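Quick note: the sequence shown, position 206, residue 205 per numbering that gives the first Met the number 0, numbers continuous.
No residue lacks a Cβ here, since even glycine has one placed at the ideal position from N, Cα and C.
Computed from a prediction, not measured in an experiment: that's the story for all the values here.
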Amino acid sequence: MRSRRNGTLESSKSLYSSISRSTDLSYNESDLVHFIQDNFKKRECVFFTKDAKSNDNLCKCGYSKSQHIEGTQINNQEKWNHKKNTKELPTDAFGDIEFENLGKRGKYIRLSCDTDSETLYDLMTQQWHLKTPNLIISVTGGAKNFALKPRMRKIVSRLIYIAQSKGAWIFTGGTHYGLMKYIGEVVRDNTISRNSEENVVAIGIASWGMISNRESLIRNCDAEAYYSAHYIMDDLKRDPLYCLDNNHTHLILVDNGTHGYPSIEAKLRTQLEKYISERIIPDSNYGGKIPIVCFVQGGGKETLKAINTAVKSKIPCVVVEGSGQIADVIASLVEAEGPMMTSSSVKEKLLRYLPRTLSRLMEEETESWIRWIKEVLENPHLLTVIKIEEAGDEIVSNAISYALYKAFSTNEQDKDNWNGQLKLLLEWNQLELASEDIFTNDRRWESADLQDVMFTALVKDRPKFVRLFLENGLNLRKFLTNEVLTDLYTNNFSSLVFKNLQIAKNSYNDSLLTFVWKMVEDFRRGSKKEDKSIKEDSMEIYLPEASPIPRHPLQALFIWAVLQNKKELSKVIWEQTRGCTLAALGASKLLKSLAKVKNDINAARESEELANEYETRAVELFTECYSSDEDLAEQLLIYSCEAWGGSNCLELAVEAKDQQFIAQPGVQNFLSKQWYGEISRDTKNWKIILCLFLFPLIGCGFISFRKKPAERSKQLFLYYASFFMSPFVVFSWNVIFYIAFLLLFAYVLLMDFQKEPTLLELVLYVLIFILFCDEWYVNGSKYFSDMWNVMDTLGIFYFLAGIVFRLHSSNETSWYSGRVIFCLDYIIFTLRLIHIFTVSRNLGPKIIMLQRMLIDVFFFLFLFAVWMVAFGVARQGILRKNEHRWEWIFRSVIYEPYLAMFGHYPDDIDGTTYNFDHCTFTGNESKPLCVELDSHNRPRFPEWITIPLVCIYMLSTNILLVNLLIAMFGYTVGSVQENNDQVWKFQRYFLVQEYCSRLTIPFPFVIFAYIYMVLRKLLKCCCKNESKQPSTCCSRNEDNETLAWEAVMKENYLVRINTKANDSTEEMIHRFKQLDMKLSDLKGLLKEIAGKLR
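As structure tokens, then:
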């Protein structure tokens, strides 16, 4: 047999280089059949040995003589042994098993009890295509039918969840009884609710001779292909045989040629578990091996033997105290006395928990039980006890992980394998054990030793372990190589996140989103280059030369965590980054943008919540910085980094609409400095405006400045220059001249609009040209995202259109059309004046209310249009016949119902008051068409329809819809009013930045600056262009000093919030203690009252 398997074993070794393998591999069924027939046998009794105790002429194998195969010999010896009295033949029972009336399918095989474990493992992994397990959970005990306790059912559910999440195999007895039945039911429930790729692998190992209806599992003689057996579960049948469980995925039926003999599968199961646990898996998280744990619930003799065998094989056991029988015996002895154990104390426990069983045992059997128990208790480090009454969600997981760790750390081969132990604890998220037992003061870790586990912690989202590794010497910058980042962004990056990122980038055309998307794309392209270079024996990772990622690996890792909503992990990484304020605002921007394009409402809400948390962090950290040093804090606001698309804190906060950050005092003070320029902020606004008209006051000390010039000879000149270059002064000049422009425009339209343009009109044309130059100068990629810029552009182009018509003065119609366009354009320019008042603390929020109320009006008009068109068409159709004039149809269907909403009652729906002088019958006059008449020349329309129709319409529009609009306005006003100051401060930023980005020359004198810029541009075109090296962020000493100072402030901030959290926890504990004392006093008082009443 060994020689026939050599080819198969060699091919299997090549597949064990990776733990996980695909479950959808295609295979030839005939090859599978040949593999099983060549490598797996069954056993048949060939020596009939009569059982003297049987009255039915049975052999000691349990079968009658007629059930033996041909050529069976008679054996007169009393002893019967399966090795001597049975013969191995090719197995005749394997394939798929389908349970009747249940639709459940699984795989099964009948095999000899002497089957080699290596061959059986090959069958499961290579032929049945099971993924290599990360863990084996061997469940023993509770084989008889019983009602499972609710707490035990919870433990079983948790056990199945662990198996599913860890990629484990579960070994059970495989029958539809006791604990195995309940395990199968939980497996079924999890299989229904999970993806097929995540199905639990539940392998039942049972005795062939104890299976009921096993004849249906035997293949037909002519079946050459893979066989599908139809198995009938008759669990109501009362006989010593068992039914197979329909919820197990795989069934291994062990045959030693007997019938009715239980537990003959125990030896093969033990050998298989030992073989799997000793296999070397290079990529395993458990020191290169597949861990195995024995889970014990209840049980009797066979369970005790299984525990004894497991302990001797160095397999850890988890015992459920409170599940009864042998499990309670062992649990009580472990907790009571430990390794020093007397036979009397063991027997005492057996009498307590197994009185009936012990009473039926012979003295020798009792001694054997005691000896087995003492052998088990000699290895207490392999025993872990959990109490059934304390069963919680994490109890089972903690118990299994602790059992595996104790077994691993006490094993002679692995006790010094600290890296393997750390991987095990990381896999099970046991931070406390890792902190106390691994990272001790007598052991020093190098950064390189922690890089593998750090990568695993990042992928598995273990933020506490990441923090632990950082605290114990891991150098994050050395760890984050291009290879590591490429692996994270390609193999451990959600495709859905990348898709949402691409949608957000295309939707908003945002610089940060575009940069992040290109970064992710570069990593993916780098991965493709890596795959290609592997084929060419080159291992270099490709990233574009201009990519800033090699200079900012921490920011790249932080973005990776933020994009995938790894909340706690991203916070740990954020604490390690430089430029934390900028990073927090960038995270807020990314998360809010992604939340808008996510289809999953819950995921979008999580992104919004995390974005708000980062905004809060940015606010609190900047407040900490500003309270320490105002100048350095203001440097943080304008510090930009290429890792965030070249944006600074203010730009990211505005793009993310982080109003809380913009509205804080430090940012507003910085904006005020920008707004006033060199003028002191203490100077009253009326003084500045007065100096616009009385220039000499500037040099008389009427205006105070922030800095005084060193040279007094230049003091006056610098004062005047600083005053007129202040953005606030430029804004004030612009307001004055804009109002003058509107007055001039109104004068021309109302009093001086001649056939030929007058001097004042030509001045008006020049002012419009200067406005056009102003708008052209500030034009950018997001210019049209601002409504006011759209109005400016619209007003200028309307004016140009008016000039075109107006200059055709020979054509009266054209000339008049030009004047009409100018009048309409004047409305646009006048409304543009509203934007100027956003700087006012009182008027600014009101303007924002108006903007939002316009949105409400838009949706209201949609609702109103439904009623208006419905009523208008019905009214016109009832009253008049075949009106062909479109303008009068518009009046009747749209205009008049619109007026009715404001209380204008239509007078043509009442026949008694209808006036025929105000209408026309022919349609040739400029009057509405008369209503249709009957044979008596009276209005034909039924008043009992028209009058109620108007009443219903006016009731619906005047009362319902108008009050709905008022309610919408009230809600909008209320929402803005709640954050009145914050909203105004946020909107103020745009006005300040607009005038800071403009040329600091008042309107209309700015035209000279534009002429100078054009001339300089023309001269530069004639000269050679000087190439400038792009400056990288963090290269200046000022930036490094600012970031170093911010890092110190960040540590202070983190200490403060941690102290605050600890204080609140201690306060809560103190309150609970006080409450407990009060309850104790109350309890004592109640007892005293009860005693007196008695």
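Cα-Cα separation, residue i to residue j
{"i": "Ile-907", "j": "Thr-829", "result": "Here residue 907 turns out to be Asp, not Ile, going by the sequence shown. Computed Cα separation, rounded: 40 Å."}
{"i": "Pro-726", "j": "Gly-676", "result": "6 Å"}
{"i": "Lys-1016", "j": "Leu-793", "result": "28 Å"}
{"i": "Gly-172", "j": "Ile-204", "result": "5 Å"}
{"i": "Glu-895", "j": "Tyr-507", "result": "42 Å"}
{"i": "Thr-682", "j": "Thr-971", "result": "36 Å"}
{"i": "Ile-96", "j": "Glu-87", "result": "23 Å"}
{"i": "Pro-315", "j": "Glu-612", "result": "44 Å"}
{"i": "Glu-650", "j": "Asn-1057", "result": "30 Å"}
{"i": "Gly-299", "j": "Leu-1078", "result": "46 Å"}
{"i": "Lys-130", "j": "Trp-371", "result": "35 Å"}
{"i": "Cys-772", "j": "Gln-663", "result": "35 Å"}
{"i": "Ile-661", "j": "Glu-619", "result": "12 Å"}
{"i": "Leu-1084", "j": "Lys-1072", "result": "18 Å"}
{"i": "Leu-267", "j": "Glu-301", "result": "14 Å"}
{"i": "Leu-748", "j": "Glu-811", "result": "16 Å"}
{"i": "Glu-1087", "j": "Leu-432", "result": "47 Å"}
{"i": "Val-872", "j": "His-935", "result": "26 Å"}
{"i": "Lys-153", "j": "Leu-147", "result": "10 Å"}
Option in the options with minimal Cα separation from residue i
{"i": "Glu-389", "options": "Thr-85, Ile-325, Arg-150", "result": "Arg-150"}
{"i": "Gly-922", "options": "Tyr-897, Tyr-352, Arg-879, Val-856", "result": "Arg-879"}
{"i": "Tyr-625", "options": "Thr-1041, His-249, Arg-370", "result": "Thr-1041"}
{"i": "Pro-549", "options": "Met-518, Ala-560, Phe-464, Arg-523", "result": "Met-518"}
{"i": "Thr-308", "options": "Leu-376, Leu-350, Lys-348, Ile-279", "result": "Leu-376"}
{"i": "Leu-475", "options": "Gln-875, His-551, Met-953", "result": "His-551"}
{"i": "Ile-1098", "options": "Gly-287, Phe-98, Met-361, Ile-306", "result": "This structure cannot settle anything about residue 1098, because the visible part of the chain is limited to 0 through 1093."}
Counted within 10 angstroms of its Cβ, other Cβ atoms place residue i as buried (16 or more) or exposed
{"i": "Leu-823", "result": "exposed"}
{"i": "Ala-162", "result": "buried"}
{"i": "Glu-1137", "result": "Examination of residue 1137 is not possible in this model, given that the chain is present from 0 through 1093 alone."}
{"i": "Pro-1098", "result": "Lying before the first or after the last residue shown, residue 1098 is absent from the chain, which here runs from 0 to 1093."}
{"i": "Arg-157", "result": "buried"}
{"i": "Cys-242", "result": "buried"}
{"i": "Trp-79", "result": "buried"}
{"i": "Ala-560", "result": "buried"}
{"i": "Ile-637", "result": "exposed"}
DSSP three-state assignment for residue i, whether helix, strand or coil
{"i": "Asn-647", "result": "strand"}
{"i": "Asp-233", "result": "coil"}
{"i": "Thr-269", "result": "helix"}
{"i": "Ala-745", "result": "helix"}
{"i": "Pro-149", "result": "helix"}
{"i": "Ile-280", "result": "coil"}
{"i": "Gln-72", "result": "strand"}
{"i": "Gly-105", "result": "strand"}
{"i": "Arg-4", "result": "Confidence at Arg-4 is low in this model, with a pLDDT of 32, below 50, so its placement is unreliable and the value that follows should be read with caution. Reduced to three states, the DSSP call for Arg-4 is helix."}
{"i": "Arg-466", "result": "helix"}
{"i": "His-249", "result": "strand"}
{"i": "Ser-809", "result": "coil"}
{"i": "Ile-1000", "result": "coil"}
{"i": "Pro-927", "result": "coil"}
{"i": "Ile-1095", "result": "The structure shown has nothing for residue 1095, since the chain only spans 0 to 1093."}
{"i": "Val-318", "result": "strand"}
{"i": "Tyr-241", "result": "strand"}
{"i": "Trp-866", "result": "helix"}
{"i": "Ser-1026", "result": "Annotation note: pLDDT 47 at Ser-1026 (below 50); position unreliable, no value reported."}
{"i": "Leu-542", "result": "Residue placement at Leu-542 is flagged as unreliable, the pLDDT there being 49, under the threshold of 50; the coordinate-derived value follows with that caveat. In the structure shown, Leu-542 sits in coil (DSSP, three-state: anything other than H, G, I, E or B)."}
{"i": "Cys-822", "result": "helix"}
{"i": "Leu-432", "result": "helix"}
Proximity test, residue i beta-carbon vs the ligand SAM heavy atom, cut-off 8 Å
{"i": "Val-292", "result": "This structure does not include the ligand SAM; it has no bound ligands of any sort."}
request  = Give, in chain order, every unbroken run of the alpha helix (DSSP H) that is at least 4 residues long and sits entirely within the region 321-386.
outcome  = 324-335, 342-352, 354-358, 362-376
task = Let me know the alpha helix (DSSP H) ranges lying completely inside the region 27-93, each 4 residues or longer, listed in chain order.
result = 28-38, 81-84
Secondary structure, alpha helix (DSSP H): runs of 4+ residues fully inside the region 381-423 = 394-409
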